[in-house]
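For the record, the sequence lines run as chains A and B. Be aware that the first sequence starts at 7, since it is given in the working numbering, and climbs by one per residue. Be aware that the second sequence starts at 56, since it is given in the working numbering, and climbs by one per residue. Glycine included, C-beta positions come from ideal geometry on N, C-alpha and C. For reference, the structure discussed in these notes is given below.
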Amino acid sequence: SQTIHQWPATLVQPVGSPLSLECTVEGTSNPNLYWYRQAAGRGLQLLFYSVGIGQISSEVPQNLSASRPQDRQFILSSKKLLLSDSGFYLCAGTRGIRGSANTEAFFGQGTRLTVV
Amino acid sequence: AQTVTQSQPEMSVQEAETVTLSCTYDTSENNYYLFWYKQPPSRQMILVIRQEAYKQQNATENRFSVNFQKAAKSFSLKISDSQLGDTAMYFCAFMKLYRDDKIIFGKGTRLHILP
């Protein structure tokens, strides 16, 4: 089965510091990968998604960026964090083969980021 | 562009009752997937149920079932014999059948099961 490893689980960073969140995928190849942000008690905001190595689509213009250096690795970064970057960040993936009866999205455990 | 709307931000029901969560979506696609995901306080996303749009039969998973109305673009979730462990945020989600697209989530419905 597919698994996403996402770390760290919790992070407290000062304003203006850099950020790097990483997720890696096991159990499937060529997945679509996604970064979502969830404010407290609210919905999922799609930040970036990737259909392959080096291919990144940005949904929300902001000071965050994403990279996909390997098929199963997806990284969320920032050069300088803002207070508004605080939130819960989820990495998600979908099976590479669409049309399968078992298609679904699978998620990492999430990272709770607090910018202080 | 696809959109997913969950019109009920929050709901409360008594344990053992049946509850229905609403979801509508907008798309010009004919083939796609619809999902309901549960997010308990742990924040781990858990797949509750999946529906393929090309299947007319409504999906069922134990106490969870959907009412999929393709023409109306409606996808509601029914939870029967609700349990305290069903307390969570529930997200409706849409995904095209083909690989080069994103998953679209609704804003969620916070469900409280009361003892």
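Do residue j and residue i come within 8 Å of each other at the CB atom, strictly closer than that value?
i	j	result
P121 (chain B)	S135 (chain B)	A small fix is needed here, since residue 121 (chain B) is Val in this sequence, not Pro. No. Outside cutoff.
Q51 (chain A)	V31 (chain A)	no
T100 (chain A)	M150 (chain B)	yes
T79 (chain B)	K128 (chain B)	yes
N36 (chain A)	G60 (chain A)	no
G33 (chain A)	K162 (chain B)	no
T117 (chain A)	L17 (chain A)	yes
S84 (chain A)	L39 (chain A)	no
L88 (chain A)	A72 (chain A)	no
T73 (chain B)	K110 (chain B)	no
A148 (chain B)	L166 (chain B)	no
E107 (chain B)	P170 (chain B)	no
R74 (chain A)	S56 (chain A)	yes
For residue i and residue j, I'd like the C-alpha separation in whole angstroms.
i	j	result
Q12 (chain A)	Q115 (chain A)	6 Å
V59 (chain B)	I158 (chain B)	10 Å
D91 (chain A)	L27 (chain A)	13 Å
T141 (chain B)	P64 (chain B)	Reading off the sequence shown, one finds Asp at residue 141 (chain B), where the question assumed Thr. So the alpha carbons of these two residues sit roughly 16 Å apart.
S97 (chain B)	G47 (chain A)	12 Å
Q44 (chain A)	Q112 (chain B)	33 Å
N68 (chain A)	K86 (chain A)	Correcting the residue identity first, residue 68 (chain A) is Gln in this sequence and not Asn. Spanning the two alpha carbons is a distance of roughly 11 Å.
E84 (chain B)	V21 (chain A)	43 Å
V103 (chain B)	F119 (chain B)	8 Å
A107 (chain A)	S23 (chain A)	The pLDDT assigned to A107 (chain A) is 48, lower than 50, so where the model puts this residue is not dependable; a value taken from the coordinates is nonetheless given after this. Going from the Cα of A107 (chain A) to the Cα of S23 (chain A) covers about 44 Å.
F123 (chain B)	S77 (chain B)	11 Å
S7 (chain A)	S67 (chain B)	34 Å
E116 (chain B)	V122 (chain A)	43 Å
T164 (chain B)	E110 (chain A)	20 Å
L96 (chain A)	W41 (chain A)	6 Å
K93 (chain B)	T9 (chain A)	17 Å
Q57 (chain B)	T120 (chain A)	31 Å
Q61 (chain B)	S63 (chain A)	25 Å
P14 (chain A)	A98 (chain A)	15 Å
A114 (chain B)	L70 (chain A)	38 Å
With residue i and residue j assumed to form a contact (beta carbons below 8 Å), what rounded beta-carbon distance in angstroms separates them?
i	j	result
R105 (chain B)	Y88 (chain B)	6 Å
F80 (chain A)	C29 (chain A)	5 Å
Establish whether the CB of residue i and some CB of chain E are separated by less than 8 Å.
i	result
Y55 (chain A)	Annotation note: the requested chain E is absent from the structure, which comprises protein chains A and B.
> Taking the runs of the beta strand (DSSP E) that are 3 residues or longer, which of them lie wholly in the region 74-117 of chain A?
Replying inline: 79-84, 93-100, 111-113
>> What ranges does the beta strand (DSSP E) occupy inside the region 122-159 of chain B, keeping only unbroken runs of at least 3 residues that lie completely in it?
In response: 129-134, 143-151
> Of all the beta strand (DSSP E) runs that stay within the bounds of the region 27-64 of chain A, which reach a length of 3 or more residues?
Replying inline: DSSP runs (the beta strand (DSSP E)) wholly in the region 27-64 of chain A: 38-44, 50-58, 61-64.
>> Please give me, in chain order, every unbroken run of the beta strand (DSSP E) with length at least 3 that falls completely inside the region 65-120 of chain B.
In response: 65-69, 74-76, 79-81, 87-94, 101-107
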